[in-house]
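What follows is the structure, encoded as structure tokens:
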């Protein structure tokens with residue numbers, strides 16, 4: 180009786196928590212001065228959902244190496260992000276082309292002019308004076324220091340060495356900002372009078388961040404000439420029609436899945452539905468937290484992962500049925516069913532994740548969006564199926580909810596009640 184009561188408390192607390200999360204995700208919740216925003220307000224929408232500008236830039240030149248292409252992409256990203264549109268997408272297309280998508284902007288000329296300018300790197304003192312420009316920098320290198328921290332080593336030419344020596348003496352203990360197109364790249368404090376033209380910039384969180392900043396400092400401006408070869412404006416009407424229809428399709432699809440699981444598997448199906456609601460919440464919350472951009476292809480991948488999440492539950496419940504047919508008790512059948520279905524679930528989802536990684540690595544634009552959503556959804560579906568559904572089913576078994584054929588939807592399984600433990 181103690182175990183039954185404890186299971187009942189845990190079960191209803193779990194239902195309340197999942198219900199609260201689902202409600203906050205749809206409508207938002209205000210707690211005192213803090214507001215949990217609904218997903219409709221926090222998830223970025225792509226170009227195909229809210230309209231905007233899409234341009235294709237091509238690097239001029241016969242041979243463009245990967246390093247040059249990466250530098251150009253990084254600098255173009257900085258420039259378009261200055262427009263205040265966090266959902267901007269800058270991706271490589273082929274060996275020489277770069278696709279830039281700016282949702283919410285409808286002036287193609289403004290975007291094209293913004294990315295085509297030469298660019299200017301500056302070292303700016305606390306008094307707003309320009310100390311150095313990109314012409315004064317000989318080389319910037321990213322590396323790990325003796326303490327294992329990501330660091331940028333800076334080497335200046337003769338003219339830059341003299342200017343920097345004067346500046347570090349003048350601004351000792353103050354901040355010198357390094358900017359690109361007037362956007363602050365990093366802002367280190369002066370810790371020593373540097374006379375040899377070799378400086379160290381600390382503060383990078385990762386070696387990747389240090390490499391990115393070093394690349395920008397090295398380039399000083401766009402390392403190549405880029406030419407606009409295509410520009411188009413996607414009307415907001417497309418997104419206005421596509422988004423509501425996509426949401427409707429998702430609601431209908433998920434609703435049918437929930438109804439099928441409930442009618443066919445009864446109580447376990449209901450528990451799987453609850454886990455599926457949590458799955459939807461976690462996927463959308465992940466999208467919001469990683470600042471991902473949702474597109475039509477991403478919505479398609481999301482709905483696909485809903486089906487895959489249910490598929491894992493179907494495998495588990497059918498395994499449980501087989502165990503019940505062999506005369507095992509409910510609790511024993513649940514444990515064995517989950518364990519035996521585990522290998523199939525992991526195998527099938529692992530192959531899907533590998534496919535998603537390949538698509539993300541080799542694809543571009545909408546293909547990357549589809550692949551990213553697919554990978555996130557599959558990983559989370561494994562968690563909800565293996566952990567959450569199992570937790571709820573075991574609580575239901577402890578409460579005695581699965582002690583008859585109707586409750587578990589066994590359809591032809593013999594009467595196993597005498598085997599209950």
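Residue numbers (the numbering used here): 180 to 600. Backbone N, C-alpha and C fix where the C-beta goes; we use that ideal spot for every residue, glycine too.
Take residue 451, set aside five residues on each side of it, and the residues of its chain with a beta-carbon closer than 6 Å to its own are 440, 492, 568, in chain order.
Our two residues, residue 587 and residue 458, have alpha carbons roughly 22 Å apart in a direct line. As the crow flies, the alpha-carbon of residue 515 is around 7 Å from that of residue 499. The C-alpha of residue 272 lies about 22 Å from the C-alpha of residue 223. Spanning the alpha carbons of residue 328 and residue 246 requires a straight line of approximately 23 Å. Here the C-alpha atom of residue 268 lies approximately 40 Å from the C-alpha atom of residue 571. Shortest Cα-Cα distance from residue 289 to any of 411, 551, 517 involves 411. CA-CA distance, residue 207 to residue 446, rounds to 29 Å. The criterion of a C-beta distance shorter than 8 Å is not satisfied by residue 467 and residue 285.
Residue 474 is a Cβ neighbour of residue 225, given a cutoff of 8 Å.
DSSP, reduced to helix, strand and coil, places residue 556 within a helical segment of the structure shown. Short of 7 Å from the beta carbon of residue 339, and not among the five residues preceding or following it, lie these beta carbons of its own chain, in chain order: 311, 315, 316, 376. Between the segment 483-490 and the segment 549-561, the count of C-beta pairs closer than 8 Å reaches three or more; the two stretches touch. Secondary structure at residue 287: helix, using DSSP grouped into helix, strand and coil. Here residue 580 is buried: its Cβ has 16 or more other Cβ atoms, across all protein chains shown, within 10 Å. Counting along the chain, residue 410 sits inside the beta strand (DSSP E) bounded by residues 405-413.
Residue 238 sits in a strand when the DSSP states are folded into three classes. Of all C-beta pairs linking the segment 339-349 to the segment 364-383, three or more are shorter than 8 Å, placing the two stretches in contact. DSSP places residue 319 in the uninterrupted beta strand (DSSP E) bounded by 316-323. Non-local C-beta neighbours of residue 221 in its own chain, meaning closer than 7 Å and more than five positions away in sequence, comprise 467, ordered along the chain. For the options 509, 545, 276, the alpha carbon positioned closest to that of residue 408 is the one of 276. Of the residues assessed, residue 469 falls on the exposed side of the cut-off, its CB having fewer than 16 other CB atoms within 10 angstroms.
With a cutoff of 8 Å on beta-carbon distance, residue 281 and residue 232 are scored as near each other. In this structure, residue 389 sits near residue 321, with a CB-CB distance shorter than 8 Å. In this structure, residue 228 and residue 422 form a Cβ contact; the two beta carbons are roughly 5 Å apart against a cut-off of 8 Å. Rounded to whole angstroms, the gap between the alpha carbons of residue 209 and residue 464 is 17 Å. By the neighbour-count criterion, in which a residue is buried when 16 or more other Cβ atoms sit within 10 angstroms of its Cβ, residue 351 is exposed. For the options 202, 397, 200, 530, the alpha carbon positioned closest to that of residue 336 is the one of 397. Restricting attention to 358, 530, 494, 212, the CA atom closest to the CA of residue 518 is found in 494.
Taking the C-beta atoms as reference points, residue 187 is found nearer than 8 Å to residue 578.
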